[in-house]
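K.L.:
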Amino acid sequence: MQKTQSEFELEQDLIQHLTTDLHYDWVDVHDEASMKNNLRQQIEIHNKLQHLPLTDGEFERIYLHLTAGNTVFERTKVLRDYYTLSRDDGTQKWIRFINQEDWCCNEFQVTNQVRQYNAEQQTRKTRFDVTILINGLPLVQIELKRRGLELKEAFHQIDRYHRDAFWVGSGLYLFTQIFIISNGVNTKYYANNKTLDFEQTFFWADKDNNLITHLRAFTDEFLKPCHIAKMITHYTILNETGKCLMVMRPYQLYACEAIIERVKGASHNGYIWHTTGSGKTLTSFKASQVIMGMEEVDKVIFVVDRRDLDYQTAKEFNAFQKDSVDTTDNTRSLVKQLIDTDTKLVLTTIQKLNTAITKENHITKLEHLQDKRIVFIFDECHRSQFGETHRNIKKFFRNSQLFGFTGTPIFAENVNLTMGIEQTTEMLFDDCLHKYVIVDAIRDENVLRFSVEYLGENRKVNPSHSDAILTQPIESKEILESETRLSQVTDYILACHDAKTGHREFTAIFCVGSVELLIRYYQLFKIKQAELQRQNPHYRPLKIATIFTYAPNEPIDKESVSDMLDEEDIVLPNTKTPSSSRDYLDSFILDYNQLFSTNKSAKDSDSFRDYYVDIAERVKNREIDILLVVNMFLTGFDSKPLNTLYVDKNLRYHGLIQAFSRTNRILNKKKSQGNIVCFRNLKQNTDDAIRLFSNKNAKSIVLVQPYNEYLTDYREKLKILLDIANNPAAVDLLQTDEEKEAFIKAYRDVLRLRNIMNTFVEHDDDNLVVPAQMLEDFKSKYLDIYDSVRRNQQEGTDSPSPLAEIDFELSLIHRDDINVGYILRLLGEMRDMPEDKKAERKKQVLDIVSGDTRLRSKQALIQQFIENDLSRLKQDDDIQQIFQAYLDTEKQKAIDEMCERESLKPDIIRRMIEKYLFEGRFPRTEEMSEALINQPKILQRKKIFEHVNQKLKTFFDTFIDGLEGL
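Pasting the structure below:
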């Protein structure tokens, strides 16, 4: 029987490959002291100081400079900068830590099993698998797991290092730029950040998007010295807003390099076909940044389609590099930036650019630029008005190159007439320089698949009739806009919205065919929700907002079938003529102001734009449940919590994919797909669009399976679970870690499928084979094991359980709408209940608390409140205020008791709690040491620190974490 390659053998094979085939130097670095000595030698070699080596004092000054920052972000800035060393002989020398211009000209070393431990800091003893050092600094960390283990286990291992070890001592491992995780068969890479997320780990691929996953093949491509140095120096970007690193994905790098090479060649244009949601802003920024640095290029002009995208893109560009762009408020400002020789990167809208090069008063100021070398980068290749502007640009800027990005190119099959001429993307921009289509993005888990439901008006559109699929399109405006149909659609959305959005954990857009339809739908939602509240005082109305543009005395019922979404610019007509839709918009904004305590208006373009930006932020922050639109927000708007699109509008090709793609951004495990609910017959249009824009036979990849296929899969996974433990009590009989691991993975598979099935309207708990309560009881056992594993981790055992490596995917269990505030609402309703109903409600509340990942730690606290305080509540008492007072009292008791039992200083403990509240940072060992009244002996330190650590974690879990809903 063939033996599986062990982790040790995998590690040795990797090091052999790096040193023999890729010519890394092996170096014996086993701890921080030896790493520091090696760093000194490498700095001397890299800066050519061998003839005049650094003195001890000189190196200490360099070392202090290197280790001054406490974060990865600060260390990265130091890495990329020079240090002016004042030498002992009075001379000055610039010290470089990495060569960014000639990235191959760095010193490359590899080591393994570096130990990280600091006795004074009382840290855990840690060993890192494989470390790549560049010029002596540990810039790449590789964590390996044996074949057959989940890749996530390596990811979680690094997460623990990140939390417990990288900062130890002088924190040299805070210089790590890129992590690599592998089990031999699958290999991924990602940037080092303060918060690590498995969704932000990437496979490497070749130019044709073929994945390179095997460790040896990955090493040959990604870890070639020149390539890894270029990834660090050129394709790892510092995000100034988030104070974090962003490493580019392979398709972004290939697109960027293709544009750069074409600019160097100084001939022909080109376009990049990267599917919507694949991160084109980062790609275009990096391309712009490199092109700006070319002496032969006079200016780079980045062109967006609307003022809202102007704002969004500038915000993102300035996040990548502070003050890299200054958006132009008007055409005069644009002209000023164009003629300013110090401004090399300009970001503007296509509308302002067209005005600047067609109006006589601006043309005279810009004439001297006509033969300058100017590179244009367009965020979208083919807005409907682009053809004319494209011709104007080429006519005016005679020595220009044009590059465009698109997720949905125009081909002969979906071409539009522009000024009476058919113009495909290739006609406008020459050839495609790189492709990354939706099939590639779904395979790489960079975007989600779509779950599309088609509901027709020839049957009642309600959740019990979700299989109504239109076979013939309805052309009759009378039927489409009948009051009965609109009422049924509204009822359907109100009935299914919680299921689609995970009980409002996510948000939705509802796009309709005309402003008239929008107005009628808005009014229906308002009327029907008021009635639901009247019938049930505890009904929580959906927060619905809307935005649309208007024209004076416009026909507001116009609708057409268009491949393009002619999204309204956020500029209002410069007129005081009354408009019926404006009157409605004003009244809807009044509702918005009342809902969110704001003072928005649409009195002019600036105030309307402010309203737009406010809506965008509230959708992203999950404050709006449904945004009702005609065209706005259907292109160029990114919001990860948005998971559902309701459609009562004719969409085709480009417009359809753009609109659908608002829902498919990756967020977490609970967001398993983008939900599309169509109230028109868009099935053929959907199939056509997917076929056209995937460039492959992609329907089975882009769309999720039918419900019955998930149900079959679920039943198979449930059988595996029941074979391991045929009832929840049997979980307690599982003895070994291997048995418990099998249960965890089996129940996790059931959880994943149930999470997807819950989003289908035809789902019914009767389909679950076993009672829903049994699954809830299994969940409690699952969480019991998780709690046990977490306690063992917190106690710092030297031999951690293999269960600690498993991802329990708790986001599949936790519901954002179930929080302390929700629990208090349920308890508040008990006041009017008869005694038997009160007992039922009490059991319901305690079951909910024990089954929620964030509330379990508060179970005793809530139970004590029910037993001791709830019965004393008067009818008009505010239960939240009573609970808050109870919580404050119990919190203070817990602090006093902890300080007395553990001999801690109360003022320092309170300071730690404040820091945790406002910074989210758990106290470090040295901070805990300061809180001890009696300093322990060296041999007792570790045990005492870990004991206090556990007490603090329990306190935070009980009294701070998960109380946001209060």
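First residue of the sequence shown: 39, per the numbering used here; consecutive thereafter.
We put the beta carbon where it would ideally sit given N, CA and C, even for glycine.
If you follow the alpha helix (DSSP H) that E776 is in, where does it begin and where does it stop?
P.N.:
Its alpha helix (DSSP H) spans residues D775 to M795.
K.L.:
Strictly under 7 Å for the Cβ-Cβ distance: is R572 near chain D by that measure?
P.N.:
Included in the structure is just one protein chain, with no chain D present.
K.L.:
Would you report the Cα separation of D999 and E984, rounded to the nearest angstrom?
P.N.:
Straight-line Cα distance between these residues: approximately 20 Å.
K.L.:
Here's the rule: buried if 16 or more other CB atoms are within 10 angstroms of the residue's CB, otherwise exposed. What is V223?
P.N.:
Looking at its Cβ environment, which holds fewer than 16 other Cβ atoms inside 10 Å, V223 is exposed.
K.L.:
Checking the sheet assignment: what are the DSSP bridge partners for R153?
P.N.:
According to DSSP, R153 bridges with R165.
K.L.:
Taking DSSP's pairing of strands, which residues face N713 in a bridge?
P.N.:
The partner list for N713 (beta bridge, DSSP) reads S489 and T682.
K.L.:
Within the same chain, show all residues whose beta-carbon is closer than 8 Å to that of Q88, passing over the 5 residues directly before and after it, in chain order.
P.N.:
Closer than 8 Å at Cβ, skipping near neighbours: E82.
K.L.:
Cβ of W242 within 6 Å of any heavy atom in the ligand FMN?
P.N.:
With respect to small molecules bound, the structure shown includes none, and the ligand FMN cannot be examined in it.
K.L.:
Beta-carbon within less than 8 Å of A325's beta-carbon, same chain only, minus the 5 sequence neighbours each way: which residues are those?
P.N.:
For A325, where only same-chain residues beyond five positions count, the Cβ hits under 8 Å are A293, C294, I297, I298, I415 and F441.
K.L.:
In the DSSP assignment, find the unbroken alpha helix (DSSP H) run with Y622 in it and report its ends.
P.N.:
Where Y622 is concerned, the enclosing alpha helix (DSSP H) stretches over S618 to F634.
K.L.:
Run through the region 275–316 for me and flag every whole beta strand (DSSP E) of 3 or more residues, listed as ranges in chain order.
P.N.:
Complete beta strand (DSSP E) runs here, min 3: 282–285 and 308–312.
K.L.:
Determine the DSSP secondary structure at P176, reduced to helix, strand or coil.
P.N.:
Looking at P176 - three-state DSSP - the assignment turns out to be strand.
K.L.:
Check whether the Cβ atoms of D336 and K433 lie closer than 7 Å to each other.
P.N.:
Taking 7 Å as the Cβ cut-off, D336 and K433 do not qualify as a contacting pair.
K.L.:
If you draw a straight line from the C-alpha of M897 to the C-alpha of N906, how long is it?
P.N.:
The amino acid occupying residue 897 in the given sequence is Gln; Met does not appear at that position. Spanning the two alpha carbons is a distance of roughly 14 Å.
K.L.:
Taking DSSP's pairing of strands, which residues face F240 in a bridge?
P.N.:
The partner list for F240 (beta bridge, DSSP) reads Y227.
K.L.:
Check whether the Cβ atoms of S677 and V657 sit closer than 7 Å, and answer yes or no.
P.N.:
Yes; because the gap between Cβ atoms is below 7 Å, this pair is in contact.
K.L.:
Which whole runs of the alpha helix (DSSP H) in the region 537–586 are 4 residues long or more, in chain order?
P.N.:
Qualifying alpha helix (DSSP H) stretches, in chain order: 553–573.
K.L.:
Which of helix, strand or coil does DSSP assign to I844?
P.N.:
DSSP places I844 in coil when its eight states are reduced to three.
K.L.:
Just verifying my parser: in three-state terms, what is the DSSP assignment at Y43?
P.N.:
Here residue 43 is Gln; the residue named in the question, Tyr, does not match the sequence. Q43: coil per DSSP, three-state reduction.
K.L.:
At the level of alpha carbons, what is the spacing between Q973 and I982?
P.N.:
Going from the Cα of Q973 to the Cα of I982 covers about 10 Å.
K.L.:
Just the C-alpha distance for L404 and S732, rounded to the nearest angstrom, thanks.
P.N.:
If I take the Cα positions, the gap works out to 41 Å.
K.L.:
To the nearest angstrom, how far is the alpha carbon of E495 from that of R370?
P.N.:
In this prediction, E495 scores a pLDDT of 39, lower than 50, which makes its location untrustworthy; no coordinate-derived value is stated.
K.L.:
Please classify D999: does DSSP put it in a helix, a strand, or coil?
P.N.:
Here D999 sits in coil by DSSP.
K.L.:
Mapping the DSSP letters down to three states, classify S941 as helix, strand or coil.
P.N.:
Coil, per DSSP.
K.L.:
Quick check: the region 140–159 against the region 47–65, are at least 3 beta-carbon pairs closer than 8 Å?
P.N.:
A contact exists between the region 47–65 and the region 140–159.
K.L.:
Given this structure, state the Cα-to-Cα distance separating H84 from F241, to the nearest angstrom.
P.N.:
Between H84 and F241, the C-alpha separation is close to 31 Å.
K.L.:
Based on DSSP bridge pairs, tell me the residues matched to Q439.
P.N.:
In DSSP, Q439 forms a bridge with V413.
K.L.:
Spatial neighbours of Q913 within its chain, please: C-beta separation below 8 Å, excluding the five flanking residues on both sides.
P.N.:
Contacts found: R869.
K.L.:
Suppose the cutoff is 8 Å on Cβ atoms and the five residues either side in sequence are ignored; what does the same chain contact list for S839 look like?
P.N.:
Same-chain partners within the cutoff: D775, V827 and N830.
K.L.:
So what does L182 bridge to, in DSSP terms?
P.N.:
Answer is S220.
K.L.:
The alpha helix (DSSP H) with K74 in it runs from where to where?
P.N.:
Where K74 is concerned, the enclosing alpha helix (DSSP H) stretches over E70 to H84.
K.L.:
Rounded C-beta distance between I196 and F217? I'm assuming under 8 Å.
P.N.:
Contact flag correct, Cβ pair sits at about 5 Å.
K.L.:
Going by CA-CA distance only, name the one from L908, L893 and K943 that's closest to F994.
P.N.:
Of the candidates L908, L893 and K943, the one whose C-alpha sits nearest the C-alpha of F994 is L893.
K.L.:
Whole angstroms is fine: what's the gap from S643's alpha carbon to I310's?
P.N.:
Whole-angstrom Cα-Cα distance: 33 Å.
K.L.:
Let me know the secondary structure DSSP gives Q882 once reduced to three states.
P.N.:
In this structure, Q882 counts as helix in the three-state DSSP scheme.
K.L.:
Quick one: what does DSSP say Q171 is sitting in, helix, strand or coil?
P.N.:
Here the sequence assigns Leu to residue 171, which means Gln is not the residue at that position. L171 falls in the strand class under three-state DSSP.
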